[in-house]
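>
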Amino acid sequence: MTYRIAPSILSADFARLGDEFKNVIAAGVDWIHFDVMDNHYVPNLSFGPMICSALRPHAKTADGVAVPIDVHLMVQPVDALAAAFAEAGADFISFHPDASGHVHRSIQAIKAQGCKAGLVFNPAQPLDVLDWVIEDIDLILIMSVNPGFGGQGFIESSLRKIEDVRRRITASGKDIRLEVDGGIKVDNIRRVADAGADTFVAGSAIFGKPDYKAVVDAMRAALAAS
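Printed below as a string of C-alpha coordinates:
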(Lines of atoms letter the chains of each structure in order from A; the text may use other names.)
(Lines give C-alpha, C1' and ligand atoms only; values in the text may rest on other atoms or scores of the structure.)
Protein backbone atom coordinates (compact mmCIF):
# COMPACT_ATOMS: atom_id res chain seq x y z
CA MET A 111 0.00 0.00 0.00
CA THR A 112 1.21 3.51 -0.81
CA TYR A 113 1.02 5.78 2.22
CA ARG A 114 0.63 9.56 2.16
CA ILE A 115 1.60 12.00 4.91
CA ALA A 116 -0.33 15.28 4.79
CA PRO A 117 0.68 17.96 7.31
CA SER A 118 -2.09 20.33 8.33
CA ILE A 119 -1.07 23.97 7.98
CA LEU A 120 -3.51 24.83 10.77
CA SER A 121 -0.55 24.12 13.07
CA ALA A 122 2.01 26.01 10.97
CA ASP A 123 3.47 29.42 11.78
CA PHE A 124 0.95 31.74 10.09
CA ALA A 125 3.52 34.55 9.92
CA ARG A 126 5.73 32.35 7.72
CA LEU A 127 3.33 30.19 5.70
CA GLY A 128 5.30 30.31 2.45
CA ASP A 129 8.46 29.18 4.22
CA GLU A 130 6.51 26.57 6.19
CA PHE A 131 5.23 25.13 2.92
CA LYS A 132 8.74 24.90 1.49
CA ASN A 133 10.24 23.44 4.67
CA VAL A 134 7.64 20.74 5.18
CA ILE A 135 7.77 19.74 1.51
CA ALA A 136 11.56 19.56 1.76
CA ALA A 137 11.00 17.22 4.73
CA GLY A 138 9.38 14.76 2.34
CA VAL A 139 5.62 15.03 2.85
CA ASP A 140 3.19 13.97 0.12
CA TRP A 141 0.24 16.36 0.39
CA ILE A 142 -0.55 19.66 2.13
CA HIS A 143 -3.76 19.65 4.17
CA PHE A 144 -5.95 22.75 4.59
CA ASP A 145 -8.40 22.75 7.50
CA VAL A 146 -11.00 25.32 6.45
CA MET A 147 -13.27 26.42 9.32
CA ASP A 148 -16.15 28.88 9.22
CA ASN A 149 -16.95 29.65 12.92
CA HIS A 150 -20.45 28.20 12.29
CA TYR A 151 -20.18 24.53 11.38
CA VAL A 152 -17.25 24.36 13.82
CA PRO A 153 -16.38 26.81 16.63
CA ASN A 154 -13.27 28.19 15.00
CA LEU A 155 -12.27 30.35 12.02
CA SER A 156 -9.21 29.56 9.93
CA PHE A 157 -8.59 30.70 6.35
CA GLY A 158 -10.21 31.01 2.95
CA PRO A 159 -9.42 30.46 -0.72
CA MET A 160 -7.17 33.55 -1.01
CA ILE A 161 -4.64 31.83 1.26
CA CYS A 162 -4.80 28.71 -0.89
CA SER A 163 -4.30 30.77 -4.05
CA ALA A 164 -1.32 32.61 -2.52
CA LEU A 165 0.33 29.37 -1.39
CA ARG A 166 -0.36 27.30 -4.50
CA PRO A 167 2.92 28.41 -6.20
CA HIS A 168 4.84 27.21 -3.11
CA ALA A 169 3.30 23.72 -3.27
CA LYS A 170 6.06 22.07 -5.25
CA THR A 171 9.27 20.19 -4.62
CA ALA A 172 12.73 21.57 -5.30
CA ASP A 173 12.53 19.77 -8.65
CA GLY A 174 9.32 21.60 -9.53
CA VAL A 175 6.95 18.65 -8.98
CA ALA A 176 3.54 19.84 -7.78
CA VAL A 177 2.46 18.73 -4.30
CA PRO A 178 -1.32 18.15 -4.03
CA ILE A 179 -3.36 20.52 -1.87
CA ASP A 180 -5.95 18.64 0.16
CA VAL A 181 -8.80 20.91 1.35
CA HIS A 182 -11.06 19.80 4.20
CA LEU A 183 -14.13 22.03 4.33
CA MET A 184 -15.66 22.42 7.80
CA VAL A 185 -18.19 24.91 6.47
CA GLN A 186 -21.89 25.22 5.81
CA PRO A 187 -23.12 25.54 3.08
CA VAL A 188 -20.52 23.75 0.98
CA ASP A 189 -20.90 24.47 -2.73
CA ALA A 190 -19.86 28.11 -3.12
CA LEU A 191 -16.70 27.76 -1.06
CA ALA A 192 -15.81 24.47 -2.75
CA ALA A 193 -15.91 26.24 -6.11
CA ALA A 194 -13.72 29.04 -4.76
CA PHE A 195 -11.10 26.59 -3.49
CA ALA A 196 -11.14 24.72 -6.79
CA GLU A 197 -10.38 28.00 -8.54
CA ALA A 198 -7.66 28.71 -5.97
CA GLY A 199 -5.78 25.54 -6.92
CA ALA A 200 -7.04 22.76 -4.64
CA ASP A 201 -6.59 19.18 -5.84
CA PHE A 202 -8.80 17.38 -3.31
CA ILE A 203 -11.89 18.93 -1.71
CA SER A 204 -13.71 17.09 1.05
CA PHE A 205 -16.83 18.09 2.96
CA HIS A 206 -19.10 16.83 5.73
CA PRO A 207 -22.32 15.29 4.33
CA ASP A 208 -24.48 16.90 7.03
CA ALA A 209 -23.22 20.34 5.86
CA SER A 210 -24.67 19.87 2.36
CA GLY A 211 -28.32 20.00 1.42
CA HIS A 212 -27.68 17.63 -1.49
CA VAL A 213 -24.59 15.45 -1.03
CA HIS A 214 -24.53 13.96 -4.52
CA ARG A 215 -24.93 17.40 -6.11
CA SER A 216 -22.04 18.78 -4.06
CA ILE A 217 -19.82 15.86 -5.08
CA GLN A 218 -20.64 16.40 -8.73
CA ALA A 219 -20.03 20.15 -8.45
CA ILE A 220 -16.54 19.53 -7.03
CA LYS A 221 -15.68 17.02 -9.74
CA ALA A 222 -17.00 19.35 -12.44
CA GLN A 223 -14.34 21.84 -11.31
CA GLY A 224 -11.63 19.27 -12.06
CA CYS A 225 -10.98 18.36 -8.42
CA LYS A 226 -11.19 15.04 -6.63
CA ALA A 227 -14.11 14.88 -4.17
CA GLY A 228 -14.21 13.44 -0.68
CA LEU A 229 -16.58 12.96 2.23
CA VAL A 230 -15.68 13.55 5.89
CA PHE A 231 -17.17 11.71 8.87
CA ASN A 232 -17.04 12.97 12.44
CA PRO A 233 -16.28 10.52 15.28
CA ALA A 234 -19.94 9.86 16.18
CA GLN A 235 -21.34 10.15 12.65
CA PRO A 236 -22.74 7.06 10.85
CA LEU A 237 -21.46 5.99 7.44
CA ASP A 238 -24.86 5.33 5.85
CA VAL A 239 -24.47 7.95 3.12
CA LEU A 240 -21.64 5.89 1.62
CA ASP A 241 -24.22 3.31 0.54
CA TRP A 242 -25.38 5.84 -2.06
CA VAL A 243 -22.29 7.76 -3.16
CA ILE A 244 -19.19 5.61 -2.68
CA GLU A 245 -18.99 5.05 -6.45
CA ASP A 246 -18.69 8.81 -6.97
CA ILE A 247 -15.97 9.83 -4.53
CA ASP A 248 -12.17 9.71 -4.51
CA LEU A 249 -11.44 10.08 -0.81
CA ILE A 250 -13.00 9.31 2.57
CA LEU A 251 -11.71 11.26 5.56
CA ILE A 252 -12.33 9.88 9.05
CA MET A 253 -12.06 12.38 11.87
CA SER A 254 -10.34 10.81 14.87
CA VAL A 255 -10.98 13.97 16.89
CA ASN A 256 -13.98 16.28 16.97
CA PRO A 257 -13.44 18.92 14.25
CA GLY A 258 -12.65 22.54 15.01
CA PHE A 259 -9.34 22.63 16.84
CA GLY A 260 -5.84 21.20 16.41
CA GLY A 261 -3.82 19.42 19.08
CA GLN A 262 -6.54 17.03 20.32
CA GLY A 263 -5.96 13.44 21.40
CA PHE A 264 -6.80 10.47 19.16
CA ILE A 265 -10.24 8.91 19.76
CA GLU A 266 -9.62 5.15 19.93
CA SER A 267 -13.08 4.14 18.69
CA SER A 268 -12.13 5.71 15.35
CA LEU A 269 -10.15 2.56 14.60
CA ARG A 270 -13.37 0.55 14.26
CA LYS A 271 -14.76 3.13 11.85
CA ILE A 272 -11.57 3.06 9.77
CA GLU A 273 -11.86 -0.73 9.55
CA ASP A 274 -15.50 -0.42 8.46
CA VAL A 275 -14.63 2.12 5.76
CA ARG A 276 -11.77 -0.04 4.46
CA ARG A 277 -14.20 -2.95 4.06
CA ARG A 278 -16.58 -0.72 2.13
CA ILE A 279 -13.81 0.54 -0.14
CA THR A 280 -12.63 -2.99 -0.85
CA ALA A 281 -16.18 -4.10 -1.65
CA SER A 282 -16.65 -1.15 -4.01
CA GLY A 283 -13.61 -2.07 -6.09
CA LYS A 284 -12.82 1.63 -6.38
CA ASP A 285 -9.47 3.37 -5.88
CA ILE A 286 -10.49 5.56 -2.95
CA ARG A 287 -8.07 7.16 -0.50
CA LEU A 288 -8.80 6.52 3.20
CA GLU A 289 -7.52 9.50 5.15
CA VAL A 290 -7.48 10.00 8.93
CA ASP A 291 -7.23 13.35 10.71
CA GLY A 292 -6.75 13.94 14.41
CA GLY A 293 -4.14 13.00 16.98
CA ILE A 294 -1.89 11.20 14.47
CA LYS A 295 1.62 10.79 15.88
CA VAL A 296 4.68 8.61 15.39
CA ASP A 297 3.57 6.26 18.15
CA ASN A 298 0.09 5.51 16.75
CA ILE A 299 0.38 5.89 12.97
CA ARG A 300 1.13 2.18 12.49
CA ARG A 301 -2.04 1.14 14.36
CA VAL A 302 -4.09 3.52 12.22
CA ALA A 303 -2.53 2.05 9.08
CA ASP A 304 -3.25 -1.48 10.31
CA ALA A 305 -6.92 -0.49 10.63
CA GLY A 306 -6.92 0.38 6.93
CA ALA A 307 -5.88 4.02 6.53
CA ASP A 308 -3.46 5.03 3.79
CA THR A 309 -3.30 8.83 4.20
CA PHE A 310 -2.47 10.59 7.45
CA VAL A 311 -3.06 14.20 8.46
CA ALA A 312 -0.67 15.44 11.13
CA GLY A 313 -0.60 19.00 12.43
CA SER A 314 1.15 19.72 15.70
CA ALA A 315 2.94 16.35 15.50
CA ILE A 316 4.98 17.81 12.62
CA PHE A 317 4.79 21.60 12.87
CA GLY A 318 5.16 21.46 16.66
CA LYS A 319 8.63 19.93 16.38
CA PRO A 320 11.89 21.70 15.45
CA ASP A 321 12.94 19.12 12.84
CA TYR A 322 10.13 18.36 10.38
CA LYS A 323 12.15 15.80 8.44
CA ALA A 324 12.97 13.81 11.57
CA VAL A 325 9.25 13.47 12.35
CA VAL A 326 8.29 12.56 8.76
CA ASP A 327 11.11 10.00 8.60
CA ALA A 328 10.00 8.50 11.92
CA MET A 329 6.42 8.23 10.66
CA ARG A 330 7.60 6.50 7.48
CA ALA A 331 9.73 4.12 9.53
CA ALA A 332 6.73 3.26 11.70
CA LEU A 333 4.61 2.67 8.58
CA ALA A 334 7.29 0.41 7.11
CA ALA A 335 7.52 -1.70 10.27
CA SER A 336 5.83 -5.10 10.10
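Using the numbering used here, the letters of the sequence shown map in sequence onto residues 111 to 336. Glycine included, every Cβ here is placed at the ideal spot set by N, Cα and C.
Are there 16 or more other CB atoms within 10 angstroms of the CB of A198, so buried, or fewer, so exposed?
Per the 10 Å Cβ criterion, buried.
> Buried or exposed: L120, going by 16 or more other Cβ atoms within 10 Å of its Cβ?
Buried, since its Cβ has 16 or more Cβ neighbours within 10 Å.
> For F317, count neighbouring Cβ atoms within 10 angstroms of its own Cβ and tell me buried if that reaches 16, exposed if not.
Buried.
> DSSP three-state label for F264, please.
F264 falls in the coil class under three-state DSSP.
> Do you know offhand how far H143's Cα is from S118's?
In a straight line, the C-alpha of H143 is about 5 Å away from that of S118.
> I want to know whether the stretch 126-140 touches the stretch 240-253 - three or more CB-CB distances under 8 Å.
Flag = no, the stretch 126-140 and the stretch 240-253 do not touch.
> Taking DSSP's pairing of strands, which residues face F317 in a bridge?
Paired residues: none, contrary to the question.
> With a threshold of 8 Å, are at least 3 pairs of Cβ atoms found where one atom belongs to the stretch 308-316 and the other to the stretch 285-296?
Yes, since at least three Cβ pairs between the stretch 308-316 and the stretch 285-296 fall closer than 8 Å, the two stretches touch.
> What is the DSSP secondary structure of V290, counted as helix, strand or coil?
Three-state DSSP puts V290 in a strand.
> Taking 8 Å as the limit between beta carbons, can you name the residues of its chain near D189, skipping five residues before and five after?
The residues are S210, R215, S216, A219.
> How far does the alpha helix (DSSP H) with C191 in it reach, from first residue to last?
The displayed chain sequence assigns Leu, not Cys, to residue 191. Unbroken alpha helix (DSSP H) run through L191: 189-197.
> Would you tell me roughly how many angstroms separate the C-alpha atoms of V243 and G283, rounded to the nearest one?
Going from the Cα of V243 to the Cα of G283 covers about 13 Å.
> Going by C-alpha to C-alpha distance, which of D241, V302, M253 sits closest to H206?
Closest by alpha carbon: M253.
> Check A307 in the structure and name its three-state DSSP category.
Reduced to three states, the DSSP call for A307 is coil.
> Can you check which of these residues, E130, V296, F259, A303, is closest to E273 by C-alpha distance?
When each option's Cα is compared against that of E273, the closest is A303.
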